[in-house]
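Participant:
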Amino acid sequence: MITVLTALKPLDALRLRALFALTRRFPRLGGLGPLKSVYFTRWSVLTSLPYNGPPQVREQLGHGRLLWETVYSAPTEPYVEAFVHAVGSKVRRIWCRSYGFPGTGSVTALAGYIGSLAIPGAYSWSAYPEATVRTVLAALDVAREHRYLVQAAHTVSPEEFSVLYRGFLDRRKGDL
Amino acid sequence: MGTALDLADVQGNILNSYGSGFGHCVHLLLHADTPQAARQCLRQVEGRVTRAVRWSRTHRPRTTLNVGITYSGFERLGLRRSLLDRFPEAFRQGPSKRAAALGDTGLSSPARWEEPLGAGRVHLLLTVCAQTTDDLSDARQRLREEVGAIDGLTVDAEQETHELQHRREHFGFADGFSQPEIEGVDRPSGHRPAFDSGVGVPLPRGRWRPIKLGEFLLGHPDEDGQVEHEPDPDLVRNGTYVVYRKLRQDVLRFEESLTAAADRTGLSRELVAAKIMGRWRDGTPLATEARRGDPGDLTEYAIEQPANDFRYLPDDRDGHTCPVGAHIRRANPRDALDFGGTLTDSGALTARHRIIRRGMPYEEPPGSGSDDRGLLFVCYQADIARQYETVQQDWCNDGDTFGLGDDPDYLFGRTGSSGKLAIPMPDGRPRFVEVPADLVVTRGTEYLFAPGMAALRKLAQEAFG
Amino acid sequence: MNHTWLTAPLTVLTPVCPGEEDALADSLKQLPQGADSPFRRVAETHFARWVVLCGSPWRVPGVPRRSRPLRMQYLLFTSTANCPPEQHVEDLRTGLHGHADAVWGHCVGYPGHDRAAEFRRYLLHNRLPIDRWSPAYDATVQEVHHALALRHRHADLAVRTQTGDDLGLRDAFLTEFGRDGT
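Protein chains in written order, with my numbering: chain Y, 1153 to 1328; chain S, -12 to 452; chain C, 277 to 458.
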């Protein structure tokens, strides 16, 4: 997991909120579609922090902060490589509004940027730590077809079932 | 910015191999009790280290010499702490500390490695390659005497390696093909030109380009446009990192596993072997020759220069020709990492993870036909973690990058883990071959740095202290 | 797949009581990990994480000097679960139990896990807006576990039956999966 908090440039908190609203409406603009190593990612634009009364002091966040947290299952460098090559334009649209963002022209520079900003976790937990994102997605695909196979096994002839099962294996061989 | 390539400053065998004429090698693993002993050794040999300049037809040396230095070797040489601390983490930690992530567990764990490998005792590695066993023996004797004459310097171990006939390794596969095409480096005559070679970076529309020099030599731009200078530009320029890894091969069990897999799948042994490797045992890639009516005995020859101009996409995305989990497809995915077709320049995701391989088979004792045999795997790269370790750890020991879950390469199964190789078939019913455990066992690993010639001279003269 | 609630994020930022920063760090270190984690008792939770924020975690070259560091330390909690935020907060209360007090007890205004309404109000008051959320899937934790186990069984079956006849194949399939629901 990576948690990053960046400082936004003037007016970019507003612009980013607008961009995110647009990508909620048109998900393809902002999703991480082709990246099969990300379980979940969230972004929050912060211009103030919740206040709970004394002894908490009110913080001045200036132009705002962008909080990014991602849960992923890949070694870090290939993960950043994938960011650069597969979703570079989407990443740029979001992060170009943060100070210090080096762009997506260099894996080394972007990995260095993320590395210098990543806040170490104090405690982390996963309900399935042994399973990567691809494995989970593959398993869910297998599970989807499984129900139809069980139904077919009870109802069709062995020859017909064999054809269905072979089709399943051919489609899902990479998922097993 | 990087500097122009000066081959006279680069050790030999890195950018271009010495060639099959030098099929006999010995590696001397040295321990120095004092910085003086280590420096004296470097002073003794540095003028004889073979450089990367091309030999003339009439002047080939009888033997060659290369030098490597471990991290503990740099410590022993007295490098100042501010430089030592800026070496890359993988090099500083060494392979023993990184063993678990590299799959060196169980029989391959560092606790079982042959001394002195991985224990921090090896400081210097001297490698001699020779055209004949007599020349090898003479050169080795000379080096032993020179080492013996230096107070505080000892040969902790020696490792001999010899090429097998027809470029084989002990599992019977012709080996050593598909070395990277490097920008600015002339290929030996007889090799295909760069644009047609298939060993560079795949480009759209069937073209190829060479890989940036900085992927293999420090001080030059790499594929990311970076020039690596750490920990010191003068120390690392024209140098490279070396992975030295002794791998014992259980040949009998490998052949038995082929027989079992053939029985289980109904496929021929040679086809199963080809599907495991991605090449027929004579070196021909499945990608260029998917079927053979009767493969015959593939042990009696090797293809001199197999057709390497192939890629996996778009026609073989699912591995019907070369299985997705086959060894060569894992070790060099070429254009196959394209996120399901969304990336047009998919070669970019492989280009930063290439290695130059210079390994050679060993047998103990040499020529005895004993069961104690395997491969002394040697590779060169500018970044051990990004290149060698990514290939070993993420691509060969694990299948997730390719959508294969935790299925390892057939050759790298370990006791306590399981896995399979899926072989798609034309009849639509894939075959599955279970991955055996411990066909290849790690007997020890060292990480070293092979300096450029100028750096070697400076190290011998107590610079960088 | 899940027909009740999509995977949803919760992000909560709470200020740490001045002087209790070290105690918070100790509490987090002592929280059981892995199979003993109290999050196993929090229904529908895929991932959870606590991160401590202080100083200027955003400082990189290029950030203006006028950008002030945080004046306090903050505890950031993030989780992903298949239930509405209000329900998830209640599940955190009942699942984490005393562990919630051990961690959030070092934060300004925390009421304690045994005061249900106040606990809910506290976490929801300190909830941060999520401007963009990208999940790879919407399955529940139970569905994921079930699918992972099923995948293993299918892989084993595929290896075992690869050269059998049609009748043998169907029989083997029914022996393995015949009692599974559809």
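Even for Gly, the Cβ is constructed at its ideal location relative to N, Cα and C.
Please list the terminal residues of the continuous beta strand (DSSP E) segment that includes Y:Arg1244.
Facilitator: Y:Arg1244 -> not in any beta strand (DSSP E); alpha helix (DSSP H) instead, spanning Gly1240 to Trp1247.
Participant: Given that a residue counts as buried once 16 or more other Cβ atoms are within 10 Å of its Cβ, and exposed if not, what is S:Leu443?
Facilitator: S:Leu443 should be labelled buried.
Participant: Note down, in chain order, each residue of its chain lying with its Cβ closer than 7 Å to the Cβ of S:Phe182, except the 5 sequence neighbours on either side.
Facilitator: Interpretation of S:Phe182 is limited by its pLDDT of 48, a score under 50 that renders its predicted location unreliable; the figure taken from the coordinates is listed afterwards. Answer for S:Phe182: Arg194 and Trp195, listed in chain order.
Participant: Going by DSSP, which residues form a beta bridge with C:Cys383?
Facilitator: Answer is C:Val292, bridged to C:Cys383.
Participant: Hey, quick one: how far does the alpha helix (DSSP H) through S:Arg444 stretch, first residue to last?
Facilitator: Its alpha helix (DSSP H) spans residues Met440 to Ala447.
Participant: Which two residues bound the contiguous alpha helix (DSSP H) that contains S:Asp143?
Facilitator: First-last for S:Asp143: Leu140 to His149, but that is the beta strand (DSSP E), not the alpha helix (DSSP H).
Participant: Cβ atoms of S:Leu94 and S:Gln379: under 8 Å apart, would you say?
Facilitator: Not in contact: S:Gln379 and S:Leu94 (Cβ atoms no closer than 8 Å).
Participant: I'd like to know whether the C-beta atoms of S:Pro310 and S:Ala409 end up nearer to each other than 8 Å.
Facilitator: Yes, the pair counts as a contact, with Cβ atoms nearer than the cut-off.
Participant: Between Y:Ser1196 and the rest of its own chain, which residues show a CB-CB distance below 7 Å, the 5 nearest in sequence each way excluded?
Facilitator: The answer, listed in chain order, is Leu1219.
Participant: Over the uninterrupted alpha helix (DSSP H) stretch that includes S:Gln368, give me the two end residues.
Facilitator: No alpha helix (DSSP H) contains S:Gln368, which is instead part of the beta strand (DSSP E) from Arg360 to Gln368.
Participant: Taking the beta carbon of C:Pro360 as the centre, do at least 16 other beta carbons fall within 10 Å, making it buried, or is it exposed?
Facilitator: The residue is exposed, with fewer than 16 neighbouring Cβ atoms inside 10 Å.
Participant: Put C:Tyr398 into one of helix, strand or coil per three-state DSSP.
Facilitator: Helix at C:Tyr398.
Participant: Can you check DSSP and say which residues form a bridge with S:Asn53?
Facilitator: Its beta-bridge partners are S:Thr114.
Participant: Compile a chain-ordered list of the residues in the segment 392 to 414 of chain C whose CB is closer than 7 Å to at least one CB of chain Y.
Facilitator: Within the segment 392 to 414 of chain C, the qualifying residues are His401, Asn402, Leu404, Pro405, Ile406, Asp407, Arg408, Trp409, Ser410, Pro411, Ala412 and Tyr413.
Participant: According to DSSP, simplified to helix, strand and coil, what is S:Pro348?
Facilitator: Three-state DSSP puts S:Pro348 in a strand.
Participant: Note down, in chain order, each residue of its chain lying with its Cβ closer than 6 Å to the Cβ of S:Ala447, except the 5 sequence neighbours on either side.
Facilitator: So the qualifying residues of the chain are Arg26, Leu29, Arg30 and Glu33.
Participant: Let me know the secondary structure DSSP gives C:Ala425 once reduced to three states.
Facilitator: Helix.
Participant: Would C:Gln309 be called buried (16 or more neighbouring beta carbons within 10 Å of its own) or exposed?
Facilitator: Exposed, by the Cβ-count rule.
Participant: Taking Y:Asp1322 as the query, report the chain S residues whose CB atoms sit under 8 Å from its CB, ordered along the chain.
Facilitator: Within 8 Å Cβ-Cβ: Pro411, Gly415, Arg416 and Pro417.
Participant: Establish whether the CB of S:Gln213 and some CB of chain Y are separated by less than 8 Å.
Facilitator: Chain Y contact via Cβ: present.
Participant: Could you check if S:Gln152 is buried or exposed, using at least 16 other CB atoms within 10 Å of its CB as the buried criterion?
Facilitator: It counts as exposed.
Participant: Using 10 angstroms around the beta-carbon of S:Leu239, count the other beta-carbons present and answer buried if the total reaches 16, otherwise exposed.
Facilitator: With fewer than 16 Cβ atoms within 10 Å of its Cβ, S:Leu239 is classed as exposed.
Participant: Count the other CB atoms within 10 Å of the CB of S:Gln236; is the residue buried (16 or more) or exposed (fewer)?
Facilitator: Buried.
Participant: Compare the C-beta of S:Phe326 with all C-beta atoms of chain Y and state if any pair is closer than 8 Å.
Facilitator: Taking Cβ atoms only, chain Y reaches closer than 8 Å to S:Phe326, which makes this a yes.
Participant: Can you tell me which of the three DSSP states S:Leu130 falls into?
Facilitator: Residue state, collapsed to three classes: helix.
Participant: Give the residues from the segment 1198 to 1212 of chain Y that approach chain C closer than 7 Å (Cβ to any Cβ), ordered along the chain.
Facilitator: Going along the segment 1198 to 1212 of chain Y in chain order, one finds Leu1198, Leu1201, Pro1202, Asn1204, Gly1205, Pro1207, Gln1208, Val1209, Glu1211 and Gln1212 with a Cβ nearer than 7 Å to chain C.
Participant: Which of helix, strand or coil does DSSP assign to C:Ser410?
Facilitator: Reduced to three states, the DSSP call for C:Ser410 is strand.
Participant: For C:His364, does the three-state DSSP call read helix, strand or coil?
Facilitator: Note: C:His364 maps to helix in three-state DSSP.
Participant: Entirely within the segment 370 to 441 of chain S and at least 3 residues each: give me those beta strand (DSSP E) ranges in chain order.
Facilitator: Qualifying beta strand (DSSP E) stretches, in chain order: 407 to 410, 418 to 421 and 427 to 437.
Participant: List the DSSP bridge partners of S:Lys233.
Facilitator: In DSSP, S:Lys233 forms a bridge with S:Leu363 and S:Gly431.
Participant: Consult DSSP for S:His216 and reduce its assignment to one of helix, strand or coil.
Facilitator: S:His216: coil per DSSP, three-state reduction.
Participant: Which of the three DSSP states is assigned to Y:Val1294 in this structure?
Facilitator: Correct three-state label for Y:Val1294: helix.
Participant: Which chain Y residues are close to S:Arg339, counting only those with a beta carbon under 8 Å from its beta carbon?
Facilitator: By Cβ distance, chain Y contributes Glu1233 and Val1259.
Participant: Who are Y:Glu1221's beta bridge partners in DSSP?
Facilitator: According to DSSP, which records beta bridges pairwise, Y:Glu1221 is partnered with Y:Thr1155 and Y:Arg1194.
Participant: Starting from Y:Lys1325, find everything on chain S with Cβ-Cβ shorter than 7 Å and list it in chain order.
Facilitator: Under the 7 Å cutoff, chain S gives Ala409, Pro411 and Pro417.
Participant: In chain order, what residues of the same chain have a beta carbon less than 7 Å from the beta carbon of S:Gly171, not counting five sequence neighbours either side?
Facilitator: Excluding sequence neighbours, S:Gly171 sits near Leu(-8) and Leu200.
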